[in-house]
Amino acid sequence: MKLTLGRNKKLKSKKATDLIFSDGKSLRKGPLRVVYFIEPTTATQHQVGVSVGKRFFKSAVDRNRVKRLMRESYRLHQELLPVTNGVHLKAMFIFQSGKMPDYEYVEQLTKKLLKELSKKIAV
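The opening position of the sequence shown corresponds to residue 205 in our numbering, with each subsequent residue numbered one higher.
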């Protein structure tokens, strides 16, 4: 599996985002929360998005840094999510803390959440 995060793996659709937040479920590990929706389809790529609220980081530079950390940790550990035909995951990772994290912390939380998501997909 290539460890890239291309256009087809990014969650960009407003319709999909609305679906996640209206009908999706949520998991949380520390300040990192994932809201996800599992749908039956023939798509083979999972789609993810990242978000950091202005409420926690006023500066756009800081918000963008946290988003880069989250995207990178997902990119490197995306193989923890099984890619099976008939199951398509749409997820939004949200960081909810005002303290600037380091990469190791974000990576640790992302791994835990991805392991839990893989259990949900397998069921």
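The beta-carbon is built from N, C-alpha and C at its ideal position, and this holds for glycine as well.
Under the DSSP definition of a beta bridge, which residues are partnered with residue i?
i: Phe297; result: Val238, Val254
i: Ser230; result: Val239
i: His292; result: Glu243
Can you list, in chain order, the residues of its chain with a C-beta nearer than 6 Å to that of residue i? Leave out the 5 residues immediately preceding and following it.
i: Ser277; result: Val310, Glu311, Thr314
i: Phe261; result: Arg267
Any idea what DSSP makes of residue i, helix, strand or coil?
i: Lys316; result: helix
i: Lys214; result: strand
i: Phe261; result: coil
i: Val310; result: helix
i: Val327; result: coil
Going straight from the alpha carbon of residue i to that of residue j, what length do you get?
i: Ser301; j: Leu207; result: 28 Å
i: Thr245; j: Thr288; result: 10 Å
i: Gln249; j: Ser263; result: 32 Å
i: Glu243; j: Gly210; result: 21 Å
Suppose the cutoff is 8 Å on Cβ atoms and the five residues either side in sequence are ignored; what does the same chain contact list for residue i look like?
i: Phe163; result: This structure does not reach residue 163, given that the chain is present from 205 up to 327, and the question cannot be answered.
i: Pro305; result: Pro235, Val270, Leu273, Phe299
i: Thr221; result: Leu215, Gly253, Met296
i: Leu223; result: Phe241, Lys294
i: Tyr307; result: Leu273, Glu276, Ser277
Whose C-beta lies closer than 7 Å to the C-beta of residue i among residues of the same chain, with five residues either side of it excluded?
i: Lys233; result: Leu313, Lys316, Leu317
i: Ser322; result: Leu284, Leu285, Pro286
i: Ala247; result: His292
Between residue i and chain D, is the shortest Cβ-Cβ distance under 9 Å, so that the two count as touching?
i: Lys218; result: Within the model displayed, chain D is absent; a lone protein chain is all it includes.
Exercise for the section: Would you check if there are 3 or more beta carbon pairs closer than 8 Å linking the region 223–235 to the region 266–274? Expected result: With contact defined as three or more Cβ pairs closer than 8 Å, the region 223–235 and the region 266–274 are not in contact.
Practice task
Evaluate contact between the region 279–290 and the region 216–223, counting only Cβ atoms and requiring at least three cross-stretch pairs below 8 Å.
Solution key: The answer is no - the region 216–223 does not touch the region 279–290, with fewer than three Cβ pairs under 8 Å.
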